[in-house]
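Report on the following structure.
Numbering (my numbering), first residue to last: 170 to 305.
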């Protein structure tokens, strides 16, 4: 068997691409929009009452443009956008703060959780399972 000189393998790599990457989500855990979920990427996300917001939350205590969540080289961040009722991170008022897995962002009585989850290639897992499972 021959391998390319520059071939590398990393844990979680399937078929030449890295499949086990962590995905980040915002999930409403308390409030009128409970259960709503948004997958985060490289594009900044605004939260608030306005129809122009990326993650619209309908609660009168939430400002039209309440806060922004974005990613930089060091991780994900939340910033209050001069909201009337402030943005809270784990029950403490913040202007700007770095997010960690499991953090709770509270905006006007609505609680949103920031989470990291593995993005598993389920099709590849299924094929692998079929290969290693004995057939009768």
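C-beta atoms are modelled at their ideal positions from N, C-alpha and C, and glycine is treated no differently.
Check	Outcome
Three-state secondary structure (DSSP) of residue 247	strand
Residue span of the beta strand (DSSP E) that contains residue 203, given as start and end	First-last for residue 203: undefined, no H or E at that position.
Per-residue burial, residue 212 [other beta carbons within 10 Å of its own, 16 or more giving buried]	exposed
Among 224, 240 and 247, nearest to residue 233 - alpha-carbon criterion	224
C-alpha gap between residue 218 and residue 208, whole angstroms	19 angstroms
Whether residue 313 touches residue 236 by CB criterion (8 angstroms)	A query on residue 313 cannot be resolved here, the shown segment of the chain reaching from 170 to 305 and no further.
8 angstroms CB neighbourhood of residue 243 in its chain, flanking five on each side removed	267
Pair within 8 angstroms by beta-carbon distance, residue 282 and residue 198	yes
Residue from 252, 192, 253 and 278 whose Cα sits closest to the Cα of residue 259	278
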